[in-house]
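Peer 1: Below are the structure tokens for one structure; questions will follow.
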């Protein structure tokens, strides 16, 4: 939970088109109607991306993924109706009538498990060894993507900070190309010298 605080983008309600594609791909690979990227907050299971269902989350206490993050490998339930841990679960007894579930933990760089990528069917089944391996690969892909996204956002924030400093600085700051033309100038150029920015850049 402490680690999850470093990933606010995982617990917000904004949709992520890339993760939507990942779960769609997971469903096709595993030949199931439902797949999700599930994040586990203190009391909620949040579906950051979901394919095949129109829900955004459940209580954590009934989440299959709550069991998955206790594992260091894929967690698979071939028929939830015959599994004493899940046969009375409302997600089994009622919609979406889960029978089959398989999930792989989403592991942060410090080893903390933030959630899962999971696949679900309304019929009992088992995944093949190849499907296991591909689901584990997708789990790593999700975390690599999130890491790259966080780094990009950090760099964009730093660039904005530098840009603000550049334009608001009272000194005469400029950036020029190799041919000697200005590429950008601070506001003090126009206020101190009396030229417009357009004139200076030309």
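Residue numbers (the numbering used here): 7 to 208. In this text, a Cβ means the ideal position worked out from N, Cα and C, and glycines have one as well.
By Cβ distance below 8 Å, which residues in the same chain neighbour residue 174 in space, the five residues on each side in sequence not counted?
Peer 2: For the purposes of this step, residue 174 is taken as residue 168 along the chain shown, with counting starting at 1. Cβ within range, chain order: 192 and 193.
Peer 1: Please state the DSSP three-state secondary structure of residue 128.
Peer 2: In the chain shown, residue 128 corresponds to position 122, counting from 1. Reduced to three states, the DSSP call for residue 128 is coil.
Peer 1: Can you check DSSP and say which residues form a bridge with residue 107?
Peer 2: Residue numbering aside, residue 107 sits at position 101 when the chain shown is read from its first letter. 83 and 126.
Peer 1: For the candidate residues 178, 148, 184 and 187, whose alpha-carbon lies nearest to that of residue 200?
Peer 2: Taking the first residue of the chain shown as position 1, residue 200 is located at position 194. Comparing Cα positions, the closest option is 178.
Peer 1: Cutting at 6 Å between CB atoms, please list the residues of its own chain near residue 86, excluding the five before and the five after it.
Peer 2: Residue 86 sits at position 80 when you count from the first residue of the chain shown. Excluding positions up to five away in sequence, the list reads 92, 98, 104 and 105.
Peer 1: Which word fits residue 49, buried or exposed, when buried means at least 16 other C-beta atoms lie within 10 angstroms of its C-beta?
Peer 2: Stepping through the chain shown from its first residue, residue 49 is reached at position 43. Exposed.
Peer 1: Between residue 117 and residue 132, what straight-line distance do the alpha-carbon atoms span, to the nearest angstrom?
Peer 2: Indexing the chain shown from 1 puts residue 117 at position 111. Indexing the chain shown from 1 puts residue 132 at position 126. C-alpha separation (whole angstroms): 28 Å.
Peer 1: Within the same chain, show all residues whose beta-carbon is closer than 7 Å to that of residue 56, passing over the 5 residues directly before and after it, in chain order.
Peer 2: Taking the chain shown and counting its residues from 1, the one referred to as residue 56 is at position 50. So the qualifying residues of the chain are 29 and 42.
Peer 1: Return the Cβ separation of residue 70 and residue 124 in integer angstroms, given the expectation that the two are a contact with Cβ distance under 8 Å.
Peer 2: Working through the chain shown from its first residue, we reach residue 70 at position 64. Working through the chain shown from its first residue, we reach residue 124 at position 118. Correct: roughly 7 Å between the Cβ atoms.
Peer 1: Report the option in 67, 46, 83 and 167 whose CA atom is closest to the CA atom of residue 96.
Peer 2: Reading the chain shown from its first residue, position 90 is the one you call residue 96. When only C-alpha atoms are compared, the closest one is 67.
Peer 1: What are the start and end residues of the alpha helix (DSSP H) that includes residue 137?
Peer 2: As a working note, residue 137 is residue 131 in the chain shown. Counting along the chain, the alpha helix (DSSP H) containing residue 137 begins and ends at 135-174.
Peer 1: Which residue marks the beginning of the beta strand (DSSP E) containing residue 54, and which one marks its end?
Peer 2: Here residue 54 corresponds to residue number 48 of the chain shown, with the count starting at 1. Looking at the DSSP string, the run of the beta strand (DSSP E) that includes residue 54 is 50-57.
Peer 1: Using DSSP with H/G/I as helix, E/B as strand and the rest coil, what is residue 11?
Peer 2: Mapped onto the chain shown, residue 11 falls at position 5. In this structure, residue 11 counts as helix in the three-state DSSP scheme.
Peer 1: Helix, strand or coil for residue 17 per DSSP?
Peer 2: One-based indexing of the chain shown puts residue 17 at position 11. Helix.
Peer 1: DSSP three-state label for residue 37, please.
Peer 2: Start at 1 with the first residue of the chain shown, and residue 37 comes out as number 31. Coil at residue 37, not helix or strand.
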